[in-house]
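S.K.: Here the sequence shown is numbered in numbering that gives the first Met the number 0, starting from 0 and rising by one per residue.
Here a beta-carbon is modelled for each residue, glycine too, at the ideal position from N, C-alpha and C.
It should be emphasised that the depicted structure is a prediction, and the values quoted were computed from it without experimental measurement.
Submitted below is the structure of interest, expressed as structure tokens.
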Amino acid sequence: MVSDNDRVGPTVEDGLREALSLLTSWPIASVLRFASPAPEPGPPDTGHGTAPRYFEPPLVGSVDLYRIRVGLVLPIGVGELSERVRALLAAGFDGWSMPALPAEPQPLHTVEDHLPIKVVNLLRRRRFRSVEEVALVPDDTLLDLRGLGTRLLRELRRVIPARTAPGHTRATSNEDSAPLAPRPTGGTFVETDALAELVTIRGDTEAAVFTAAATWLAAHPHHTLFGVDYDHGPVDGDGVPQPAAVLRLTVMAS
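Structure (structure tokens):
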């Protein structure tokens with residue numbers, strides 16, 4: 000997930016352009032907007048020219064962008080910033096557009112009683128508001144959300160089946176109905192998502208996963224390390240036992 004000050008430009012257009020540039024190699028990005036920093040209250044000016052101290056600028060808006068395919072993105076968010084981003088994408092922006100949604104989409108709360116509470120809470124945190132929005136997001140992208148595992152994804156898709164955006168070809172029906180591959184457990188192993196350039200390393204010890212990461216980076220000198228996410232715990236988002244350490248590297252091919 001990309002959600003830092005790098006997504007902020009002098010204008011909404013600049014912030015959106017920067018976020019979209021990441022979506023060619025990463026499934027989710029965010030357009031963030033911050034208020035101007037305000038001076039911190041302090042003692043009266045004594046005339047010595049002491050510069051005021053500043054607070055960190057507060058976040059005043061954010062829009063998550065879910066890549067459906069290169070050139071097509073689904074913006075999720077509420078408020079003025081979200082409306083401006085939607086307007087830019089609806090008109091076409093730097094070769095990107097957004098899928099058409101029904102004039103009266105089905106509210107997500109109408110199906111929440113049929114979903115696991117963990118899925119409901121996750122979708123609410125991610126600010127999804129309609130069934131159609133959830134249906135458009137690819138399964139691989141949903142699995143990138145922290146807390147959603149393969150079992151919960153199956154339960155989600157039983158209630159909200161995936162829907163193909165216009166102009167996008169899905170897999171055959173046999174492939175669509177094939178069960179999701181179970182996550183391996185135990186040992187130390189590396190999974191690479193070439194499209195997202197995300198390298199996931201799982202192992203039984205912290206030392207093992209960091210050693211495996213160093214080995215992978217040494218064997219791939221044309222990949223630049225872009226970000227690191229370290230996690231550890233006895234179970235994954237589905238409550239399934241997992242290796243003690245999980246390290247995710249975001250890399251960019253140079």
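1) Quick check: the Cα distance between A217 and P106, rounded to an integer number of angstroms?
2) Please return the same chain residues whose Cβ sits closer than 8 Å to the Cβ of W215, not counting the five positions on each side in sequence.
3) Quick one: what does DSSP say A86 is sitting in, helix, strand or coil?
4) Are the region 58-74 and the region 129-137 touching, with three or more C-beta to C-beta distances below 8 Å?
5) Using 8 Å as the threshold, is the C-beta distance between L100 and E79 below it?
6) Do you know offhand how far V227's Cα is from L246's?
7) Less than 6 Å between C-beta atoms, sequence neighbours within five positions excluded: which residues of the same chain meet that for A28?
8) Mind reading off the beta-carbon distance from D121 to G146? Whole number of angstroms is fine, and I expect it under 8 Å.
9) With DSSP as the reference, label R150 as helix, strand or coil.
10) Roughly how many angstroms separate the alpha carbons of H222 and F92, rounded to a whole number?
11) Along the chain, where does the beta strand (DSSP E) that runs through L71 open and close?
12) Between which two residues does the alpha helix (DSSP H) containing A134 stretch?
13) Please classify S81: does DSSP put it in a helix, a strand, or coil?
14) In three-state terms, what does DSSP make of S24?
15) Buried or exposed for A244, going by 16 or more other Cβ atoms inside 10 Å?
16) For R247, name the three-state secondary structure that DSSP assigns.
17) Compute the distance between the beta-carbons of L15 and V84, then report whether it is under 8 Å.
M.R.: Checking against the coordinates, here is how it stands:
1) What you label residue 217 is simply residue 218 of the sequence shown in a count that begins at 1. What you label residue 106 is simply residue 107 of the sequence shown in a count that begins at 1. If I take the Cα positions, the gap works out to 49 Å.
2) As a position in the sequence shown, residue 215 is number 216, starting the count at 1. Within the same chain, W215 has close Cβ partners V189, V198, I200 and L248.
3) On the sequence shown, position 87 is the one that residue 86 refers to. Of the three classes helix, strand and coil, the one that applies to A86 here is helix, per DSSP.
4) yes
5) Mapped onto the sequence shown, residue 100 falls at position 101. Mapped onto the sequence shown, residue 79 falls at position 80. No. Outside cutoff.
6) Locating residue 227 in the sequence shown gives position 228, counting from the first residue. Locating residue 246 in the sequence shown gives position 247, counting from the first residue. So the two alpha carbons sit approximately 7 Å from each other.
7) Along the sequence shown, read from residue 1 onward, the residue named residue 28 stands at position 29. Counting only Cβ-Cβ distances below 6 Å, and skipping sequence neighbours, we find V1, A18, L21, L22 and L64.
8) What you label residue 121 is simply residue 122 of the sequence shown in a count that begins at 1. What you label residue 146 is simply residue 147 of the sequence shown in a count that begins at 1. Note that residue 121 corresponds to Leu in the displayed sequence, not to Asp. Going by Cβ atoms, the distance from L121 to G146 rounds to 5 Å, so yes, they are a contact pair.
9) Here residue 150 corresponds to residue number 151 of the sequence shown, with the count starting at 1. Helix at R150.
10) By 1-based counting over the sequence shown, the position of residue 222 is 223. By 1-based counting over the sequence shown, the position of residue 92 is 93. Their backbone Cα atoms lie some 29 Å apart in a straight line.
11) Here residue 71 is taken as the residue at index 72 of the sequence shown, counted from 1. L71 -> beta strand (DSSP E) spans L71 to I75.
12) Sequence index remark: in the sequence shown, residue 134 carries index 135 (1-based). Run containing A134: V130 to L135, per the alpha helix (DSSP H) assignment.
13) Here the question's residue 81 lines up with position 82 in the sequence shown. S81 falls in the helix class under three-state DSSP.
14) The residue labelled residue 24 in the question sits at position 25 within the sequence shown. In this structure, S24 counts as coil in the three-state DSSP scheme.
15) Counting from 1 along the sequence shown, the entry for residue 244 is found at position 245. Answer is buried; the Cβ neighbour count reaches 16.
16) Taking the sequence shown and counting its residues from 1, the one referred to as residue 247 is at position 248. In this structure, R247 counts as strand in the three-state DSSP scheme.
17) Here residue 15 refers to the residue found at position 16 of the sequence shown. Here residue 84 refers to the residue found at position 85 of the sequence shown. Yes; because the gap between Cβ atoms is below 8 Å, this pair is in contact.
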